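Position one of the sequence shown corresponds to residue 14 (full-length UniProt numbering), numbered consecutively onward. No residue lacks a Cβ here, since even glycine has one placed at the ideal position from N, Cα and C. Since the structure is predicted, the reported quantities are computational estimates derived from the model, not experimental observations. First the structure, in the form of C-alpha cells, and then the observations on it.
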Amino acid sequence: AVRVGVLALQGDFREHARVLASLGAGVALVRRPEDLERIDGLVIPGGESSVMDKLAREFGLFEPLRQGIAEGMPVFGTCAGLIMLADRILDGIVGQQTLGGLDITVRRNAFGSQNQSFETDLQIPALGNEPVHAAFIRGPVVESVCERVTPLATLEDGRVVAVEQGALIATSFHPELTGEHRFHEYFLAKVRAGMSRTVRTGVAGTLE
Ligand code: GLN
14 AVRVGVLALQ GDFREHARVL ASLGAGVALV RRPEDLERID GLVIPGGESS
64 VMDKLAREFG LFEPLRQGIA EGMPVFGTCA GLIMLADRIL DGIVGQQTLG
114 GLDITVRRNA FGSQNQSFET DLQIPALGNE PVHAAFIRGP VVESVCERVT
164 PLATLEDGRV VAVEQGALIA TSFHPELTGE HRFHEYFLAK VRAGMSRTVR
214 TGVAGTLE
C-alpha cells in the first residue's frame, strides 16, 4: 500500500491525514529527517508558511525536503504548502525561504486579511464536471507560471489558484477542509505512478 507523509510541523496536517486515511493510504506524520525515509509521497498542509519554513530549518528538514523534491518525490501542497513549493515568493517575511520545485511566482496573502476569507466554486476539468468547492483562508495567488507548469484552476478574474508540474500539485485553497477528496485522489494516483518507476535519476523533471 502507498505510504504518504504529511509534514506535521505546524498547520492543518491532521485534516490531511484524515482525508488520506479515508482514501485507504498509509499515513506517516513527518517531523524529523528519518520520517522521510519510507514514504512514497508528501503532503505539505495549510498553516503559516513563514513559521513552517523556520521550523523546517530548525528540525533539519529543509535540505532533505529539497532533495526529495529534486529527486521527483510526489508532493501535494495546500495554501502555505503551495507557498513552500514555489520557486519565487512575493510579500514573504524578511528572510523567508521556500523549498521550491514549482516554477512559479506566488504572492502570499494575496486576498487580504483573515476576515476577507471566502469560499467559491471552481470548475477544474482535470477533476471532472462537478465543481470544486474551495475555501480561501489568507491564501496565496500564483502570479506567474512558466511553460512547464499547468494551471489547474483559475478564478473568474483569471488568477491562477491551482497548479501542477511533474510530480507536484498545489492549491491556494483547502480541499482538506471542505470534504473535497478529488485532489487527494489525484495526488494518490501520482504517488502510485511514482512507485511503479524503477529508476530514479535524481534530476527533477527528467522523469516526466
Ligand atoms: N497566509 C499563510 C501563509 O503565508 C497561508 C494561509 C493558509 O495556509 N491558510 O503561509
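key: Contact check, ILE52 vs LEU20, beta carbons under 8 Å   = Contact flag unset, no.
query = Which residue from VAL32, ARG101, LEU190, THR184 puts its Cα closest to that of THR91?
reply = For the residues VAL32, ARG101, LEU190, THR184, the minimum Cα distance to THR91 belongs to THR184.
ask   = Excluding the five sequence neighbours on either side, which residues of its own chain have a C-beta within less than 6 Å of the C-beta of PHE72, listed in chain order?
value = Counting only Cβ-Cβ distances below 6 Å, and skipping sequence neighbours, we find nothing.
query = Enumerated in chain order, which unbroken segments of the beta strand (DSSP E) with a length of 3 residues or greater are wholly contained in the region 82 to 164?
reply = Here the runs fully enclosed are 88 to 91, 99 to 103, 115 to 120, 131 to 135, 145 to 149, 154 to 158.
request  = Using alpha carbons as the reference points, say which of ALA123, ILE102, VAL107, GLY125 lies closest to ILE117.
outcome  = ILE117 has its Cα closest to that of ILE102, out of ALA123, ILE102, VAL107, GLY125.
Candidates ALA123, GLN110, GLN127, of which the one nearest ARG172 by Cα = Among ALA123, GLN110, GLN127, the Cα nearest to that of ARG172 is on ALA123.
inquiry  = Under DSSP, the beta strand (DSSP E) around ARG51 begins and ends at which residues?
reply    = Segment: none, ARG51 is in no beta strand (DSSP E) and carries neither H nor E.
key: Boundaries of the alpha helix (DSSP H) in which LEU201 is found, first to last residue   = Start and end: 195 to 208.
inquiry  = Using CA atoms only, rank isn't needed, just tell me which of ASP134, GLY152, GLN178, ARG151 is closest to residue 282.
reply    = Absent from the model: residue 282. The displayed extent of the chain is 14 to 221, so no value can be given.
Neighbour-count burial assignment, SER62, 16 or more Cβ in a 10 Å radius = Within a 10 Å sphere around the beta-carbon of SER62 sit 16 or more other beta-carbons, which makes this residue buried.
query = What does a CB cutoff of less than 7 Å around PHE26 pick up in its chain, not counting 5 residues either side in sequence?
reply = Non-local beta-carbon contacts of PHE26 in its own chain, meaning distances under 7 Å to residues more than five positions away in sequence, involve VAL19, LEU20, LEU42, PRO58 in chain order.
request  = Provide the residue span of the alpha helix (DSSP H) that contains ALA69, from first to last.
outcome  = Segment 62 to 71, the alpha helix (DSSP H) holding ALA69.
inquiry  = Taking the beta carbon of PRO144 as the centre, do at least 16 other beta carbons fall within 10 Å, making it buried, or is it exposed?
reply    = By the neighbour-count definition (other C-beta atoms within 10 Å, threshold 16), PRO144 is an exposed residue.
key: Selected residue, minimal CA-CA separation from LEU30, among ARG70, ALA69, PHE89   = Here residue 30 turns out to be Ala, not Leu, going by the sequence shown. Ranked by how close their Cα comes to the Cα of ALA30, the residues ARG70, ALA69, PHE89 have PHE89 in first place.
inquiry  = For a test of your reading of the model: does the CB of SER126 fall under 7 Å from any non-hydrogen atom of the ligand GLN? Yes or no.
reply    = Taking the Cβ of SER126 as the reference point, every heavy atom of the ligand GLN lies at 7 Å or farther away.
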